[in-house]
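To start, the structure itself, in structure tokens.
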Amino acid sequence: MPEQPLILSRGMTIVPVGNLQEQLSFLGFPLMLVDNIFGDKTEAAVKQFQASVDLEPTGVVDSETWRRMFGGEPLTAKLSGMGEKDRKQQINSPELYIRIVLSLRRLLLFEDDNLVANYPVAIGKPTTPTPAGEFMIIDKLLNPGGVFGTRWMAFTERRHGIHGTNQPDSISNAVSNGCVRMFNENAEELFDRVSVGTRVIVETGAVIPPGGDYVVQPGDTLYLIALRFDTTIEALMRVNNLTSDLIFPGQILQIVGAVPPSPIQFLTISVSPGDTLFFLAQRYNTTVEAIMRANDLNQDIIYPGQILLIPATGVL
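Offset between the sequence shown (1-based) and my numbering: plus 626.
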């Protein structure tokens, strides 16, 4: 029996509503807010889209509306999940698991605590953050299309997902509605390697612990620890009297703190036709996330004539 499609309608507050809002904006039906809430404005925008493609303007995103809007297959109404038997089998087999470090904007794939893949990702913006905690892949879908890209892997009951994107310039920024975006080719590679039940660990990225000491965790490398604490491999080796970059779980390392950032200076600019946050970030040597924070933006859509503050140091 074929899976029933997910139908989105007014009153829903699951994460795919935010993906719908992003896709509407991408197609030229902009909403001022991407908030995962299917309210009046979202319903009105859906009706406008439906009318533009000669569909009945119901305001409900059914299978046909999804296919016309996203150019792919709709998500399923019921998450696949996995049975207790499957969980026990997975626990007793060599473990493949995902570790997402939000502060690094990286998705790491481990097999038996050995790092086997390392991908850049986009994560949730401050108003719709990616949740931290321990989860597992509970559904997978080929070719959802649009802002989902070519692959989708749900990891929470609210359908936060790891997926591809039609906005590759957003990768490595905190701009999503809570999902974890990947380049499509990376999402396809990950999709083929993981299964329903694969463990997903989402961590914010540690701050320097009291006393400056850190206990090495399974899967850690000096490179990852240096990234997490904004330091260098050389500094870690020097302060800990290491003669090689080999470390082991349970080892205690002293962490060298980062240098405090300089005061931030701002430029004021007017957005020109064709500008995007990505292009502005490149032009002024900053990041999309920094521009969004400086201007209290909740989505990465801008318009000609809009006045923006640009952080000159590139750090907020």
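Positions of the beta carbon are idealized from the N, C-alpha and C atoms, including for glycine. Since the model is a prediction, treat every value here as computed from it, not as a measurement.
{"Check": "So K645 is in the alpha helix (DSSP H); what residue range does that whole segment cover?", "Outcome": "According to the sequence displayed, residue 645 carries Asn and not Lys. Element bounds for N645: V641 to F652."}
{"Check": "Taking only runs that begin and end inside the region 746-799, name each unbroken beta strand (DSSP E) of 3 or more residues, in chain order.", "Outcome": "759-762, 765-768, 777-780 and 787-789"}
{"Check": "Q674 lies in the alpha helix (DSSP H); which residues open and close that run?", "Outcome": "D666 to S678"}
{"Check": "My assumption, with CB atoms under 8 angstroms, is that D680 sits in contact with V801. Please give the rounded CB distance.", "Outcome": "Actually they are not in contact, since the Cβ atoms of D680 and V801 sit about 32 angstroms apart, beyond 8 angstroms."}
{"Check": "Report all residues from its chain with a CB closer than 7 angstroms to the CB of P746; omit the five preceding and five following residues, and keep chain order.", "Outcome": "R731, R732, I797 and S798"}
{"Check": "Starting from D856, trace the beta strand (DSSP E) both ways and give me its first and last residue.", "Outcome": "It is not in any beta strand (DSSP E) - D856 carries neither H nor E in the DSSP assignment."}
{"Check": "Please list the terminal residues of the continuous alpha helix (DSSP H) segment that includes T691.", "Outcome": "S689 to F696"}
{"Check": "Can you tell me which of the three DSSP states S729 falls into?", "Outcome": "helix"}
{"Check": "How long is the line joining the alpha carbons of G900 and L657, rounded to whole angstroms?", "Outcome": "19 angstroms"}
{"Check": "In the structure shown, what three-state DSSP assignment does V865 receive?", "Outcome": "helix"}
{"Check": "From the DSSP output, which residues share a beta bridge with A743?", "Outcome": "L735"}
{"Check": "For my contact list, V643 and F675 are in at a C-beta cut-off of 8 angstroms; report their separation, rounded to the angstrom.", "Outcome": "Their Cβ separation, rounded to whole angstroms, is 14 angstroms, which puts V643 and F675 out of contact at 8 angstroms."}
{"Check": "I'd like to check one pair, T753 with G775: are the Cβ atoms closer than 8 angstroms?", "Outcome": "no"}
{"Check": "Helix, strand or coil, according to DSSP, for E814 in the structure here?", "Outcome": "helix"}
{"Check": "Report the rounded CA-to-CA distance for L879 versus L734, giving the unit in angstroms.", "Outcome": "22 angstroms"}
{"Check": "Report yes if the C-beta distance between T830 and A758 is below 8 angstroms; otherwise report no.", "Outcome": "yes"}
{"Check": "Between which two residues does the beta strand (DSSP E) holding F892 run?", "Outcome": "F892 to S896"}
{"Check": "Is the number of C-beta pairs between the region 804-817 and the region 843-857 that are closer than 8 angstroms three or more?", "Outcome": "no"}
{"Check": "Under the rule that 16 or more other beta-carbon atoms within 10 Å means buried, what is I933, buried or exposed?", "Outcome": "exposed"}
{"Check": "Would you report the Cα separation of P937 and V865, rounded to the nearest angstrom?", "Outcome": "33 angstroms"}
{"Check": "Within a Cβ cutoff of 8 angstroms, which residues of the same chain sit near T702, ignoring the five residues on either side of it in sequence?", "Outcome": "E629, Q630, P631, L632, D765 and L767"}
{"Check": "Between D688 and the rest of its own chain, which residues show a CB-CB distance below 6 angstroms, the 5 nearest in sequence each way excluded?", "Outcome": "I633"}
{"Check": "Looking at the strands, I want to know which residues DSSP matches up with P631.", "Outcome": "T702"}
{"Check": "In angstroms with no decimal places, state the Cα-to-Cα distance between A813 and T869.", "Outcome": "37 angstroms"}
{"Check": "Could you tell me if V742 is buried or exposed, where buried requires 16 or more neighbouring beta carbons within 10 angstroms of its beta carbon?", "Outcome": "exposed"}
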